[in-house]
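Enquirer:
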Amino acid sequence: MISRIQGVLVEKRPPWIVIDCHGVGYELEVPMTTVWTLPDLNATVTILTHLIVRDDAHLLFGFATEAERKLFRSLIKVSGIGAKVALAILSGIETEEFVQCVHESNAARLTALPGIGKKTAERLIVEMRDRVGDWAPTNLPATATPGRPVGNAVSDAISGLIALGYKPPEASRLVLELDADGKSSEDIIREVLKRLG
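The following block contains the structure:
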């Protein structure tokens, strides 16, 4: 099992990044919460990883914090939740807020995430309740970084663009190209659509 990778960040194409480690480029798929914490290209980074081995591929997923990786590993154990859906969940909601949603049985917030319907949200709450029972939100590491927009405006804007028909990687790229600091999700979406139109 590859536990972590330290190297030079040479590509950043959300949700994919490439880290050069002594001449070997490792391609990792990462949630948007991790993308927001990444430095500029050619900087040295350390990313926690989770490797999934399939018959046709070895898939490497990366995370900025242990809380993100722990949640990802718990999510993929839920019936009907694969790695792609788990990454979408992590991209659309902070770890602390997800745990709070489970504790409070807040299915409405979970259904706002891309690809999560009412039944899936209810299943997540039921199956994740025991797994996050001892995760007090105040004990989880924060994933926010200085300069990142407060709240969920960025993730809500990405979800909104996906609902409008944009593919997740494209929606993420369009939003992250903007200076979204202090803007509401509606303002971000309007600015993206204005740029495109």
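Residues in the sequence shown are numbered from -9 upward in steps of one, following my numbering. By construction, the Cβ of each residue, glycine as well, lies at the ideal position given by its N, Cα and C atoms.
Taking buried to mean at least 16 other C-beta atoms within 10 Å of its own C-beta, is V116 buried or exposed?
Expert: The residue is exposed, with fewer than 16 neighbouring Cβ atoms inside 10 Å.
Enquirer: Within the continuous alpha helix (DSSP H) that includes R113, where are the two ends?
Expert: Residues K108 to R119.
Enquirer: Please report the straight-line C-alpha distance between T101 and E1, rounded to a whole angstrom.
Expert: Those two C-alpha atoms are separated by around 32 Å.
Enquirer: Counting C-beta neighbours from all protein chains within 10 Å, is the total for L18 16 or more, i.e. buried, or is it exposed?
Expert: The residue in question, L18, is buried, as its Cβ has 16 or more Cβ neighbours within 10 Å.
Enquirer: Taking contact to mean at least 3 C-beta pairs separated by less than 8 Å, is the segment 61 to 76 in contact with the segment 93 to 100?
Expert: They do not touch, by the three-pair rule.
Enquirer: By Cβ distance, which residues of its chain are closer than 7 Å to R63, with the 5 residues on each side in sequence left out?
Expert: Closer than 7 Å at the Cβ level, and outside the excluded window around R63, lie H40.
Enquirer: With distances taken Cα to Cα, identify the nearest neighbour of K60 among A73, Q(-4) and L166.
Expert: Checked all of A73, Q(-4) and L166; the closest Cα to K60 is A73.
Enquirer: If you count every other CB in all the chains shown that lies within 10 Å of the CB of G82, and 16 or more means buried, which is it?
Expert: Its Cβ being crowded by 16 or more others within 10 Å, G82 is buried.
Enquirer: Determine the direct distance from the alpha carbon of L28 to that of E87, and round the result to whole angstroms.
Expert: Cα to Cα, E87 sits roughly 21 Å from L28.
Enquirer: Do you know how far the Cα of L38 is from the Cα of E56?
Expert: For E56 and L38, the distance between alpha carbons rounds to 7 Å.
Enquirer: Flag I179 as yes when its Cβ comes closer than 6 Å to any non-hydrogen atom of the ligand FAD, and as no otherwise.
Expert: The ligand FAD is absent from the structure shown, which contains no ligands of any kind.
Enquirer: Using a Cβ-Cβ cutoff of less than 8 Å, which residues in the same chain neighbour T128 once the five nearest sequence positions on both sides are dropped?
Expert: Bear in mind that the predicted position of T128 carries a pLDDT of just 44, short of 50, making it too unreliable to give a figure here.
Enquirer: Thinking E58 and T34 are a contact (beta carbons under 8 Å), I'd like their distance in whole angstroms, please.
Expert: Not a contact, Cβ separation roughly 20 Å.
Enquirer: What span of residues does the alpha helix (DSSP H) with I79 cover, start to end?
Expert: Per DSSP, I79 belongs to the alpha helix (DSSP H) from A73 to G82.
Enquirer: Which value, in whole angstroms, describes the spacing of the CA atoms of R119 and L183?
Expert: Approximately 39 Å between the Cα atoms of the pair.
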